[in-house]
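To convert, take the position in the sequence shown, counting from 1, and add 14; that gives my numbering.
What follows is a single structure, written as structure tokens, with notes after it.
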Amino acid sequence: MSKNYTGVEDILCDDVFLAWYFRTDIRAVRQWEQWMAANPGSGPRVQQAVEFLQSLYVHEAELLTHQLTGAEKHLLEKIKRAQTPIASFRSKWWMAAAGVVILAIGVYTIQGHRSALRTTYGEIKENKLPDGTEVVVNADSRVTYSSEWTDGKDREVWLTGEAFFHVSRTPLKSRFIVHTGHFDVIVTGTKFNVVSRQGKANVLLQEGSVTLHTIEGKELQLTPGDFAEYNNDRLVKRSVKQDSLVAWKDHKLSFDDTPLRDVASIIKEQYGVTVRLTSEATARKTVSGIMPNDNLNILLKSLEATADFEVTRHGDEIIIQDHP
Numbered sequence: 015m016s017k018n019y020t021g022v023e024d025i026l027c028d029d030v031f032l033a034w035y036f037r038t039d040i041r042a043v044r045q046w047e048q049w050m051a052a053n054p055g056s057g058p059r060v061q062q063a064v065e066f067l068q069s070l071y072v073h074e075a076e077l078l079t080h081q082l083t084g085a086e087k088h089l090l091e092k093i094k095r096a097q098t099p100i101a102s103f104r105s106k107w108w109m110a111a112a113g114v115v116i117l118a119i120g121v122y123t124i125q126g127h128r129s130a131l132r133t134t135y136g137e138i139k140e141n142k143l144p145d146g147t148e149v150v151v152n153a154d155s156r157v158t159y160s161s162e163w164t165d166g167k168d169r170e171v172w173l174t175g176e177a178f179f180h181v182s183r184t185p186l187k188s189r190f191i192v193h194t195g196h197f198d199v200i201v202t203g204t205k206f207n208v209v210s211r212q213g214k215a216n217v218l219l220q221e222g223s224v225t226l227h228t229i230e231g232k233e234l235q236l237t238p239g240d241f242a243e244y245n246n247d248r249l250v251k252r253s254v255k256q257d258s259l260v261a262w263k264d265h266k267l268s269f270d271d272t273p274l275r276d277v278a279s280i281i282k283e284q285y286g287v288t289v290r291l292t293s294e295a296t297a298r299k300t301v302s303g304i305m306p307n308d309n310l311n312i313l314l315k316s317l318e319a320t321a322d323f324e325v326t327r328h329g330d331e332i333i334i335q336d337h338p
């Protein structure tokens, strides 16, 4: 994917970006994420586009088709009135907005209502899906699903972030499918943890069986205790400590000789802060133990209580150095 965007409105009008934002096409999601990784300088413009889309929408299940149609009509009227040179820049934004609304109407018509479970940094939510499936959503994550599931048809959810699923079996044994940016997780009834974050994608199966299906068409079967991660365009099984990986469900973090570099990455994912390690030697040091994950300040104090590190916090920046 080789594209040059001169402005935010160009991003807003791009089909691949919109499919990535709405999570409607697994291939487009991966394509856009690869483009962002290859073009880090476009990050601020992409963020502007995301914020613009977020400002347009009311994310509520009762949103009706005629409301979307009315929004489309209103936007198109504004475009027609934007005839002067002064309004030309604004007209591009209104055109992009109109395209987004039209896309939303198409998605709404074809796929029906979508509902979403969202969490912010430092937040964990538990909920039940329409079929009774229990889901625990980790920090800074989103689970999107249709609210119109029918037994006998696939139950589909789209995940960005991390979530633990305890899938309910249905009388007709409908498949339950979790779509991520790199693979689909296909099950009937089971317990499993899924991570789908930028630069990280994996599945831990606790109970039952699942099939992982990649966008390249490859499949991998998992049995209880299996852990598989997506790396270099392929799925690889490896051994892990299950309790450590799912401790987040109980608002805890479990470390077992975990390099501080990895601990810093987890803190960043969970709380959206910047963590700076003062030296490579500090980054290589390891951490062991179970620490609370209810509050960032308490977590940092627990880390400092190991007596190995000195932790300083300035707003959203955390500095960790060896204890003097």
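Just so you know, even glycine gets a beta-carbon here, dropped at the ideal spot from N, CA and C.
Alpha carbon to alpha carbon, how far is residue j from residue i? Give it in angstroms, no decimals.
| i | j | result |
| --- | --- | --- |
| L236 | Q284 | 27 Å |
| L313 | I304 | 10 Å |
| D276 | S188 | 38 Å |
| P420 | Q61 | This structure leaves residue 420 out entirely; the chain is present only between 15 and 338. |
| G57 | T184 | 43 Å |
| D168 | F31 | 26 Å |
| L267 | N307 | 6 Å |
| T194 | N245 | 14 Å |
| V289 | F269 | 17 Å |
| F36 | I281 | 27 Å |
| W34 | V171 | 15 Å |
| T204 | Q220 | 8 Å |
| V201 | L218 | 13 Å |
| T292 | D165 | 55 Å |
| D322 | S279 | 18 Å |
| L67 | A177 | 24 Å |
| K142 | F179 | 10 Å |
| V199 | K251 | 15 Å |
| V254 | D264 | 18 Å |
| T300 | D271 | 5 Å |
State buried or exposed for residue i, treating a residue as buried only when at least 16 other CB atoms are found within 10 Å of its CB.
| i | result |
| --- | --- |
| G146 | exposed |
| I332 | buried |
| D154 | buried |
| G239 | exposed |
| T158 | buried |
| N311 | exposed |
| S160 | buried |
| L186 | exposed |
| R44 | buried |
| G213 | exposed |
| E230 | exposed |
| G380 | The structure shown does not extend to residue 380, since the chain spans only 15 to 338, so no value can be given for it. |
| S210 | buried |
| A42 | buried |
| E23 | buried |
Would you mind reading off the limits of the alpha helix (DSSP H) that contains residue i?
| i | result |
| --- | --- |
| D276 | 274–285 |
| W34 | 29–36 |
| E294 | 294–298 |
| V22 | 22–26 |
| N53 | Taken as a continuous stretch (DSSP letters only), N53 belongs to no alpha helix (DSSP H), as it is neither H nor E. |
| N141 | First-last for N141: 139–142, but that is the beta strand (DSSP E), not the alpha helix (DSSP H). |
| E318 | 310–318 |
Residues in the same chain with beta-carbon distance under 7 Å from residue i, minus the five sequence neighbours each way, listed in chain order, please.
| i | result |
| --- | --- |
| L234 | L226, A242, L249 |
| T296 | L274, I334, Q335, D336 |
| I25 | Y19, F31, R59, V60, A63 |
| P144 | S161, W163 |
| D257 | S268 |
Looking only at its own chain, which residues have a Cβ that is under 8 Å from the Cβ of residue i, when we skip the five neighbours before and after it?
| i | result |
| --- | --- |
| D28 | K17, Y19 |
| I298 | Reading off the sequence shown, one finds Arg at residue 298, where the question assumed Ile. Same-chain partners within the cutoff: P273, L274, R275. |
| G222 | V181, V201, T202, G203, T204, K205, F206, P238 |
For residue i, collect the residues of the same chain with a Cβ closer than 6 Å to its Cβ; drop the 5 residues on either side in sequence, then sort them by chain order.
| i | result |
| --- | --- |
| Y135 | A153, D154, Y285, G286 |
| G120 | Residue placement at G120 is flagged as unreliable, the pLDDT there being 49, under the threshold of 50; a coordinate-derived value is accordingly withheld. |
| E324 | Q335, H337 |
| T326 | I333 |
| R132 | R156 |
| H196 | A215, Y244 |
| V72 | Bear in mind that a pLDDT of 43 at V72, under 50, signals an unreliable position, so the number given afterwards is only what the model happens to contain. So no residue of the chain qualifies. |
At what residues does the beta strand (DSSP E) containing residue i begin and finish?
| i | result |
| --- | --- |
| L218 | 214–221 |
| G175 | 169–180 |
| T288 | 288–291 |
| A130 | 128–132 |
| N207 | 205–211 |
Using 8 Å as the limit for Cβ to Cβ distance, is residue i near chain D?
| i | result |
| --- | --- |
| N18 | No chain D appears in the structure shown, which is made up of a single protein chain. |
To test your reading of the DSSP string, which unbroken alpha helix (DSSP H) runs of 4 or more residues are found completely within the segment 229–273?
Every alpha helix (DSSP H) of 4 residues or more that sits fully in the segment 229–273 is shown, in chain order, as 256–259.
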